[in-house]
Amino acid sequence: MCDQHHLERWAKKELDRRTFGAAGLAGMAVACAPVDQTVSASAETNGATMRKVSFGTGEGTLDGEFYTSGATPRPGVIFWPDIAGIRPAKRQMATRLAEAGYAVLL
């Protein structure tokens, strides 16, 4: 669901490489930052474990789900849900990735 009257205004805005680079660097810093608030619920599915996580931001709290299948370090995947939010299909995909050996933040 997109506001059609905003499309023209959005099309006029350009993203220069400095802004893009700064946004990428900020995103990487957030992704690498230690998590201080975790664990409010957990569930286990075929060897994959899911736990609810939340991150404090300047504008509020960001909630998510973290999937993994072990305690050892694993390659990470940031799985960004679409406009419909976290749906059962997204949870199934995150579980399959965790079972394949990845740590997934949904």
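Start counting the sequence shown at 238; every next residue gets the next number (this note's numbering). No residue lacks a Cβ here, since even glycine has one placed at the ideal position from N, Cα and C. Computed from a prediction, not measured in an experiment: that's the story for all the values here.
Just mark residue i as buried or exposed, buried being the case when its beta carbon has 16 or more other beta carbons within 10 Å.
{"i": "Glu296", "result": "exposed"}
{"i": "Ala337", "result": "exposed"}
{"i": "Gln329", "result": "exposed"}
{"i": "Ser277", "result": "Low confidence applies to Ser277: its pLDDT is 43, below 50, so where it sits in the model is not reliable, and the reading given next is rough at best. Exposed, by the Cβ-count rule."}
{"i": "Ala308", "result": "exposed"}
{"i": "Thr298", "result": "exposed"}
{"i": "Ala259", "result": "exposed"}
Under the assumption that residue i contacts residue j (Cβ atoms under 8 Å), give the Cβ distance between them as a whole number of angstroms.
{"i": "Tyr304", "j": "Ala285", "result": "6 Å"}
{"i": "Ile315", "j": "Leu342", "result": "5 Å"}
Could you give the first and the last residue of the continuous beta strand (DSSP E) run that contains residue i?
{"i": "Thr294", "result": "285 to 294"}
{"i": "Leu342", "result": "340 to 342"}
{"i": "Gly301", "result": "297 to 305"}
{"i": "Ile320", "result": "No beta strand (DSSP E) contains Ile320, which DSSP labels as neither H nor E."}
Note down the Cα distance separating residue i from residue j, rounded to an integer number of angstroms.
{"i": "Glu302", "j": "Thr256", "result": "29 Å"}
{"i": "Gly293", "j": "Ala263", "result": "15 Å"}
{"i": "Ser291", "j": "Ala340", "result": "16 Å"}
{"i": "Pro325", "j": "Asp300", "result": "16 Å"}
{"i": "Arg254", "j": "Gly261", "result": "10 Å"}
{"i": "Gly265", "j": "Asp319", "result": "Reading the sequence as shown, one finds Met at residue 265 and not Gly. Met265 and Asp319: Cα-Cα distance of roughly 20 Å."}
{"i": "Ala331", "j": "Met287", "result": "9 Å"}
{"i": "Trp317", "j": "Lys327", "result": "9 Å"}
{"i": "Pro312", "j": "Ile323", "result": "22 Å"}
Could you pull the start and end residues of the alpha helix (DSSP H) that residue i belongs to?
{"i": "Thr332", "result": "325 to 336"}
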